[in-house]
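Visitor:
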Amino acid sequence: MLIDRLIYYMPLIIFIIFLMYFFKDHNYRVKAIRNIRKKGIKGILLFYIAKVFTPKKNGKIYKKYRDLLQFTKWEVESFFLLKLSLLLILMIMIVLIKTTNINIYSQKIFSSYDYKVDMIYEFVTDDIDKGKALETEIILLRDILAKVSKEDINRLPKEDLQQMIISTLAKKELKVLTDPQNIANKVYYRLIDYYAIKEFNFILAIPFLIIVYFSPELIVSIHNLLVKSNAAAELVFLKKLIILNGSIKPTSYNEVLDIIADKSKYYKHILKKIMVLRQKNTIDNKKIYKEKYLGTINNLNLKLFLEKLDQADNYDYDHAIKNIENEFRTDKRERARKIKERIETMEIVGIIGSMFIITLITIYLLLPWLSSYNLNSIL
40 MLIDRLIYYM PLIIFIIFLM YFFKDHNYRV KAIRNIRKKG IKGILLFYIA KVFTPKKNGK
100 IYKKYRDLLQ FTKWEVESFF LLKLSLLLIL MIMIVLIKTT NINIYSQKIF SSYDYKVDMI
160 YEFVTDDIDK GKALETEIIL LRDILAKVSK EDINRLPKED LQQMIISTLA KKELKVLTDP
220 QNIANKVYYR LIDYYAIKEF NFILAIPFLI IVYFSPELIV SIHNLLVKSN AAAELVFLKK
280 LIILNGSIKP TSYNEVLDII ADKSKYYKHI LKKIMVLRQK NTIDNKKIYK EKYLGTINNL
340 NLKLFLEKLD QADNYDYDHA IKNIENEFRT DKRERARKIK ERIETMEIVG IIGSMFIITL
400 ITIYLLLPWL SSYNLNSIL
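Read left to right, the sequence shown gives residues 40 to 418 (the numbering used here).
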């Protein structure tokens, strides 16, 4: 079948495509050979697979995935390699399961005498040599398979196919141990099932492939929701580390940056990126903390934290520490104000609720008295 041939030639096709991509011009051939020597064939292969299947760098999709992965250790390139790997694993599993089913059912078709028949033949119990009878049926089946294609199965009615089997049985002068119509009926169902088991419904497989391909996004989104509060708490912890280490003289920004990067979990990738950028002489330190180098940052608290790092690195370290301390004082007053408002709200709700309950109890106690009292006597 066509799908079997495609699966057989798929590794060769992939190899040829990558070979043509590597050696499309002379300059690139030299560069490709150097890269292979430096990174190895495995590293080069993973690099170009990630390059082909990863969204364009600094594009909208790339930035969205970078924001999605901000609380994980995944890079966008490695994340898409994971998605592609899951997709390939699922496709291989589907092919293997389908191939296994084909082998199992094919063996049953060609080696089992008690095969499915119409209801009219189900209770036919001839005392015959089942081995020789099966041999006759399989000879007929192989002969019909050579003559009848899948299209003929869908086109010709059941009666015509069974009549064709009976005619073939007569022409080959095979030994008939039971009713020819019974033989034709069993061979017919073997023929139908032989082609049916080789069919593959790609439409049913597409939803599973889509679900598996986008399942990492779902897992990461759930992970981000669970760790959002922890990430905010870590940001407070890093600020306290800056104050603690900056208060011990002598100290340097490089040492503090190295400490908070080592202690960080959710913001380690940003801090490590700052450390790498600061080591480059071609980049102005005042520009390192901008989104141009660190990427889009939607977290307001993280933006304020990076501004404090920028101030400590490029302006006045002691003044940056004082700003962080002032920020803590402001946050403390804000939390106290919110707690006070919450307590006042709870008190108001409690008073209103108590009055409502007292009113209900009063009405409940007065209802029996009002129901027994005759208001007409007053008139």
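Using N, Cα and C, we set each Cβ at its ideal position, and we do this for glycine too.
Predicted model only: the values in this text are computed from it and were never measured.
To the nearest angstrom, how far is the alpha carbon of Q350 from that of M132?
Guide: In a straight line, the C-alpha of Q350 is about 54 Å away from that of M132.
Visitor: Ends of the alpha helix (DSSP H) at M314?
Guide: Taken as a continuous stretch (DSSP letters only), the alpha helix (DSSP H) holding M314 covers 307 to 317.
Visitor: DSSP three-state label for D64, please.
Guide: No answer about D64 holds up, because its pLDDT of 48 lies below 50 and its placement is not dependable.
Visitor: Apart from the five residues just before and just after Q201, which ones in its own chain have a Cβ nearer than 7 Å to its Cβ?
Guide: Counting only Cβ-Cβ distances below 7 Å, and skipping sequence neighbours, we find A223, N224, Y227.
Visitor: Span of the alpha helix (DSSP H) holding G170?
Guide: Counting along the chain, the alpha helix (DSSP H) containing G170 begins and ends at 169 to 186.
Visitor: Contact between the region 248 to 258 and the region 113 to 130 is defined here as three or more beta-carbon pairs at a separation below 8 Å; is this criterion met?
Guide: Cβ pair count under 8 Å is three or more, so yes.
Visitor: Could you give the first and the last residue of the continuous alpha helix (DSSP H) run that contains L283?
Guide: Looking at the DSSP string, the run of the alpha helix (DSSP H) that includes L283 is 241 to 285.
Visitor: The alpha helix (DSSP H) spanning F110 covers which residue range?
Guide: Here F110 belongs to no alpha helix (DSSP H), and DSSP marks it neither H nor E.
Visitor: Would the region 289 to 302 count as touching the region 335 to 343 if we require 3 or more Cβ pairs under 8 Å?
Guide: No contact exists between the region 289 to 302 and the region 335 to 343.
Visitor: Just to confirm before moving on: does the CB-CB distance between F119 and L108 stay below 7 Å?
Guide: Against a cut-off of 7 Å, the Cβ pair of L108 and F119 comes out as no contact.
Visitor: Which residues mark the beginning and the end of the alpha helix (DSSP H) in which S206 is found?
Guide: Residues 197 to 211.
Visitor: May I ask you to report which of helix, strand or coil DSSP gives T93?
Guide: T93 falls in the coil class under three-state DSSP.
Visitor: Hey, quick one: how far does the alpha helix (DSSP H) through D352 stretch, first residue to last?
Guide: Note, D352: alpha helix (DSSP H), 339 to 353.
Visitor: Buried or exposed: where does L310 fall if 16 or more other Cβ atoms within 10 Å of its Cβ makes it buried?
Guide: Classification of L310: buried, given that the 10 Å Cβ count is 16 or more.
Visitor: Measure how close the beta-carbons of L274 and N340 come, nearest whole angstrom, since I'm counting them as under 8 Å.
Guide: Right, their Cβ atoms sit about 6 Å apart.
Visitor: In chain order, what residues of the same chain have a beta carbon less than 7 Å from the beta carbon of K312, not counting five sequence neighbours either side?
Guide: Counting only Cβ-Cβ distances below 7 Å, and skipping sequence neighbours, we find L333.
Visitor: By a C-beta neighbour count over all protein chains shown, 10 Å radius and 16 as the cutoff for buried, is K278 buried or exposed?
Guide: Buried, since its Cβ has 16 or more Cβ neighbours within 10 Å.
Visitor: Within 10 angstroms of the Cβ of V295, are there 16 or more other Cβ atoms? Answer buried if so, exposed if not.
Guide: Buried, since its Cβ has 16 or more Cβ neighbours within 10 Å.
Visitor: Sorted by chain position, which residues of the same chain lie with C-beta nearer than 7 Å to A270's C-beta, five sequence neighbours on each side aside?
Guide: Correct list, in chain order: F110, Y305.
Visitor: Taking 7 Å as the threshold (C-beta atoms), are T93 and E114 in contact?
Guide: Not in contact: E114 and T93 (Cβ atoms no closer than 7 Å).
Visitor: What does the alpha-carbon distance come out to for the pair A185 and D191?
Guide: Their backbone Cα atoms lie some 12 Å apart in a straight line.
Visitor: Quick test of the definition: if touching needs 3 or more C-beta pairs under 8 Å, does the region 92 to 106 touch the region 230 to 237?
Guide: Contact fails: fewer than three Cβ-Cβ distances are below 8 Å.
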